[in-house]
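Participant: One structure is given below, represented as C-alpha cells, and several questions about it will come after.
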Amino acid sequence: TLAKSSVPRAWWRSVEHSTSGFVVESFVDELAAAAGADPLEFRLRLIGEDRKIPDFTNPKEGKPLDTARLKGVLRLAAEKAGWGKPLPKGVSRGIAGYYSFESYTAAVVEASVKNGGVKVHRIVYAVDCGRPINPEGVRAQVESAAIYGLSAALHDAITISGGRVEQSNFHDYKMPRMNETPKTEVHVVMSKEEPTGIGEPGLPVVAPAMCNAIFAATGKRIRRLPIRSEDLV
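Per the numbering used here: the sequence shown = residues 686 to 918.
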C-alpha cells in the first residue's frame, strides 16, 4: 500500500538501475546456484545467441540491446579477474553484468566475510560505452561509481524520524573511506560504436556482484541493502 508522504524525494545515482540491477543480477545468480551451474557460464547461456533486441529499459530511444556486447563485458571482466582460478582462503568471487544508459558493464568482486562484516578486496570492471572519447575519464567515472555502489551495499541507509530525514551530511551519512576502498580495475572496450553514457552504468553491478561473492563464501543470500551483520549468519 502506498502512503502519502511530505518527505521530499529525488533520484539517486543510476536512477532505477541501482535497484533493478541488484534484484535481477542477484536472482540470476540464485538461479545459477539452483541449477548447479557456474554463474558466468549460466549468464552466457541465458543471454543466448548474438542478436539485437528492443531496449526494455528505455523504449522511447528505440536503440536495441546488443547481446554480443553484454556477453563481451562479462567475458572480459571474468578473464581479467582470473575467474575460476584459486583465491586465498576465505575469499570468494561474485559476478554481475548489466545494461543501462545504452552502455554495457560487468564486474567481478572478490570479498570475504569475517566477524559479522564484509571486506571487499578487489573489483574488476569491463565497460563497453561505445567509442571511449576520453578513456581515462571513463575509468574515473566507473571508479567513482564503485564507491557509490559499495556505499549502498555496506553503509548507506536513509532513516526518517518525526517526518524528517535524519542524515544531513557526511558526518552522519557514512560512505567508504580510503582504507575501505578496494583495488579497482577498469577495462574499457575500445569499441567503434557511437559513444553512450558512462556517468552511472558503473554503479548497478557492484552490489549484486559483491552479494554474489558473499553467497559463494557463506551460502547466505543477501536480499536487502545495506547489508546487516544479522544477514551474514
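Glycine residues also receive a C-beta, built at the ideal position from the N, C-alpha and C atoms.
Less than 7 Å between C-beta atoms, sequence neighbours within five positions excluded: which residues of the same chain meet that for Ile818?
Facilitator: Cβ within range, chain order: Pro880.
Participant: Give every residue of the same chain whose Cβ lies closer than 6 Å to the Cβ of Lys765, excluding the five residues on either side of it in the sequence, and list them in chain order.
Facilitator: Only Val809 and His872 meet the Cβ criterion.
Participant: Among Ser914, Ala901, Ala902 and Cys896, which residue has its Cα nearest to the Cα of Arg908?
Facilitator: Closest option to Arg908, Cα to Cα, is Cys896.
Participant: Hey, Ala811 and Val891 are a contact pair by Cβ (cut 8 Å); roughly how many whole angstroms apart?
Facilitator: Wrong, their Cβ atoms sit about 13 Å apart, outside the cutoff.
Participant: Below 7 Å CB to CB, which residues in the same chain sit around Pro749 once its five sequence neighbours on both sides are set aside?
Facilitator: Excluding residues within five positions, the ones whose Cβ falls inside 7 Å are Lys737, Ile738, Pro739 and Asp740.
Participant: To which residues does DSSP link Val827 through a beta bridge?
Facilitator: Val827 is not bridged to any residue.
Participant: Please report the straight-line C-alpha distance between Gly767 and Ala830, rounded to a whole angstrom.
Facilitator: Straight-line Cα distance between these residues: approximately 22 Å.
Participant: On the DSSP letters alone, give me the boundaries of the beta strand (DSSP E) that Ser788 sits inside.
Facilitator: Counting along the chain, the beta strand (DSSP E) containing Ser788 begins and ends at Ser788 to Lys799.
Participant: Kindly confirm or deny that the region 845 to 865 and the region 780 to 794 touch, where touching means at least three C-beta pairs closer than 8 Å.
Facilitator: Touching, no.
Participant: Pairs of beta-carbons, one from the region 832 to 843 and one from the region 911 to 918, closer than 8 Å: are there three or more?
Facilitator: Touching, yes, given that three or more Cβ pairs across the two stretches are closer than 8 Å.
Participant: Compare the Cα-Cα distances from Ala792 to each of Arg698, Leu725, Val692 and Trp696 and report the closest residue.
Facilitator: It is Leu725.
Participant: So if DSSP puts Val692 in a beta bridge, which residue, or which two residues, is it bridged to?
Facilitator: DSSP output for Val692 lists no bridge partner at all.
Participant: So what does DSSP say about Thr752, is it helix, strand or coil?
Facilitator: Residue state, collapsed to three classes: helix.
Participant: For Asp841, name the three-state secondary structure that DSSP assigns.
Facilitator: Asp841: coil per DSSP, three-state reduction.
Participant: Could you tell me which residues DSSP pairs with Asp813 in its beta bridges?
Facilitator: Note: Asp813 sits in a beta bridge opposite Tyr789.
Participant: Roughly how many whole angstroms lie between the Cα atoms of Glu821 and Arg698?
Facilitator: Distance between the alpha carbons of Glu821 and Arg698 is about 20 Å.
Participant: Counting only the same chain and skipping the five closest in sequence on each side, list residues whose C-beta sits under 6 Å from that of Glu878.
Facilitator: Same-chain partners within the cutoff: Gly815.
Participant: Within 8 Å (strictly less), CB to CB, does Pro817 reach chain B?
Facilitator: Absence of chain B from the displayed structure is noted, only one protein chain being present.
Participant: Just the C-alpha distance for Arg760 and Ala722, rounded to the nearest angstrom, thanks.
Facilitator: Taking the straight line joining both Cα atoms gives about 16 Å.
Participant: Bridge partners for Arg778 per DSSP, in chain order?
Facilitator: Note: Arg778 sits in a beta bridge opposite Glu795.
Participant: On the three-state DSSP scale, how would you describe Glu870?
Facilitator: Correct three-state label for Glu870: strand.
Participant: Would you report the Cα separation of Leu687 and Ser876, rounded to the nearest angstrom?
Facilitator: C-alpha separation (whole angstroms): 44 Å.
Participant: Can you list, in chain order, the residues of its chain with a C-beta nearer than 6 Å to that of Tyr858? Leave out the 5 residues immediately preceding and following it.
Facilitator: Once the five neighbours on either side are set aside, the close Cβ partners of Tyr858 are Gln852.
Participant: Near Gly757, what residues of its chain come up, given a Cβ to Cβ distance below 8 Å and the 5 sequence neighbours on each side ignored?
Facilitator: Closer than 8 Å at Cβ, skipping near neighbours: Tyr789, Ala811, Asp813 and Val874.
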